[in-house]
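Read the structure below first, then the notes.
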Ligand code: DGL
């Protein structure tokens with residue numbers, strides 16, 4: 086991508102491949118901008134790691150994307166958004182060398198949409214153990230829609246199934262049914278399910294099949310992309326800092342061959358990736 090010195094791409098970060106489901110939708114709605122996608126594949130999954138470790142890894146990724154010239158970074162990862170976003174926004178950005186850069190997450194834009202879906206006011210959230218233990222969804226939903234009952238369900242096996250390319254294989258059925266059944270048994274009034282992990286859209290056909298028809302699924306890609314478009318309209322001071330060449334550069338902390346193979350399943354196109362190292 087060709088960039089002038091003062092303009093930069095939008096950084097999109099995930100622990101692994103899941104953020105590609107968000108990136109695709111962002112690029113569909115906002116094709117004019119340049120993007121850098123960073124997957125910390127060598128250290129994923131994040132969802133079973135401790136708060137401090139997720140914080141450290143996410144901050145390293147954000148610093149990397151800032152150093153690559155991104156004025157705006159999207160944490161396209163619920164686990165990183167749940168565990169590290171607030172810390173970065175409140176404690177890192179204000180003392181960083183350019184406090185006008187911005188980092189946005191995926192939880193708030195998802196939560197804002199639920200009132201358009203639920204009639205029973207009972208909402209389920211499936212997510213990684215990290216996101217569930219933070220109770221970020223329940224907290225954010227409670228702030229915007231205090232009348233809504235929220236049941237969060239950790240699905241520790243779902244990310245590994247996706248990361249190992251098993252999401253559409255018969256072996257995935259067992260774990261999809263196990264967690265969805267547990268959730269619906271715990272609250273049979275749930276009529277809306279948030280897929281609160283950017284990896285889960287790859288399991289969507291199996292999740293759909295495992296749930297009663299009355300339950301609607303909310304995937305995040307479109308919601309996050311629409312919210313970003315709205316953010317850029319409301320923040321012309323940020324929009325004018327973004328380069329507009331329509332380019333995409335993929336970076337991974339793992340071996341690029343492996344990344345390219347699996348990433349092309351997510352994007353449906355060929356992917357060229359570069360290996361990078363994240364430091365402190
Ligand atoms: N895709 C990430 C999310 O949305 C989690 C994957 C992981 O556990 O690393 O939460």
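In the working numbering, the protein residues as written are 86 to 365. All C-beta atoms, glycine included, are put in the ideal place defined by N, C-alpha and C. If you're wondering where the values come from, they're calculated on a predicted model, not measured in any experiment.
For residue i and residue j, what's the separation of their Cα atoms in angstroms?
i: residue 89; j: residue 328; result: Caution is warranted here: a pLDDT of 43 is assigned to residue 89, below 50, making its placement in the model unreliable, and no coordinate value can be reported.
i: residue 189; j: residue 92; result: 19 Å
i: residue 136; j: residue 172; result: 11 Å
i: residue 185; j: residue 272; result: 43 Å
i: residue 240; j: residue 350; result: 22 Å
i: residue 315; j: residue 193; result: 13 Å
i: residue 202; j: residue 244; result: 25 Å
i: residue 87; j: residue 114; result: Low confidence applies here, because residue 87 scores a pLDDT of 43, under 50, leaving its location unreliable and the question unanswered by this model.
i: residue 274; j: residue 361; result: 46 Å
i: residue 232; j: residue 174; result: 29 Å
i: residue 120; j: residue 97; result: 7 Å
i: residue 332; j: residue 234; result: 42 Å
i: residue 313; j: residue 111; result: 8 Å
i: residue 280; j: residue 212; result: 7 Å
i: residue 357; j: residue 204; result: 44 Å
i: residue 143; j: residue 270; result: 35 Å
i: residue 176; j: residue 216; result: 20 Å
i: residue 153; j: residue 125; result: 16 Å
i: residue 252; j: residue 282; result: 14 Å
i: residue 122; j: residue 334; result: 6 Å
i: residue 343; j: residue 230; result: 42 Å
i: residue 160; j: residue 346; result: 23 Å
i: residue 209; j: residue 265; result: 10 Å
Just to confirm the assignment, what range does the alpha helix (DSSP H) spanning residue i have?
i: residue 114; result: 104 to 114
i: residue 337; result: Where residue 337 is concerned, there is no enclosing alpha helix (DSSP H), although the beta strand (DSSP E) it sits in stretches over 333 to 337.
i: residue 120; result: Residue 120 -> not in any alpha helix (DSSP H); beta strand (DSSP E) instead, spanning 120 to 124.
i: residue 314; result: 306 to 319
i: residue 196; result: 192 to 197
i: residue 289; result: 289 to 295
For residue i, verify whether its CB is less than 6 Å away from any heavy atom of the ligand DGL.
i: residue 283; result: yes
i: residue 103; result: yes
i: residue 240; result: no
i: residue 130; result: yes
i: residue 299; result: no
i: residue 233; result: no
i: residue 100; result: yes
i: residue 188; result: no
i: residue 354; result: no
i: residue 210; result: no
i: residue 244; result: yes
i: residue 338; result: no
i: residue 195; result: no
i: residue 140; result: no
i: residue 203; result: no
i: residue 277; result: no
i: residue 143; result: no
i: residue 163; result: yes
i: residue 213; result: yes
Taking Cβ positions only, does residue i come closer than 7 Å to chain C?
i: residue 318; result: In the structure shown, chain C does not exist; there is a single protein chain.
Assuming residue i contacts residue j under a Cβ cut-off of 8 Å, what Cβ separation, rounded to an integer in Å, is found between them?
i: residue 291; j: residue 261; result: 4 Å
i: residue 303; j: residue 278; result: 7 Å
i: residue 106; j: residue 286; result: 5 Å
i: residue 309; j: residue 336; result: Wrong, their Cβ atoms sit about 20 Å apart, outside the cutoff.
i: residue 100; j: residue 165; result: 7 Å
Could you give the residue range of the beta strand (DSSP E) that holds residue i?
i: residue 96; result: 95 to 99
i: residue 41; result: One cannot answer for residue 41 here, as it falls past the ends of the chain, which runs 86 to 365.
i: residue 303; result: 301 to 303
i: residue 348; result: No beta strand (DSSP E) contains residue 348, which is instead part of the alpha helix (DSSP H) from 341 to 352.
i: residue 128; result: No beta strand (DSSP E) contains residue 128, which DSSP labels as neither H nor E.
i: residue 359; result: 358 to 360
Quiz item: What runs of the alpha helix (DSSP H), each 4 residues or longer, lie entirely inside the segment 200 to 279?
Solution: Given a length threshold of 4 residues, each whole run of the alpha helix (DSSP H) inside the segment 200 to 279 is given here in chain order: 214 to 219, 221 to 229, 243 to 248, 257 to 271.
- Task: Mind listing, in chain order, the continuous beta strand (DSSP E) runs of no fewer than 3 residues lying wholly within the segment 132 to 173?
- Result: The segment 132 to 173 contains these whole beta strand (DSSP E) runs: 157 to 160.
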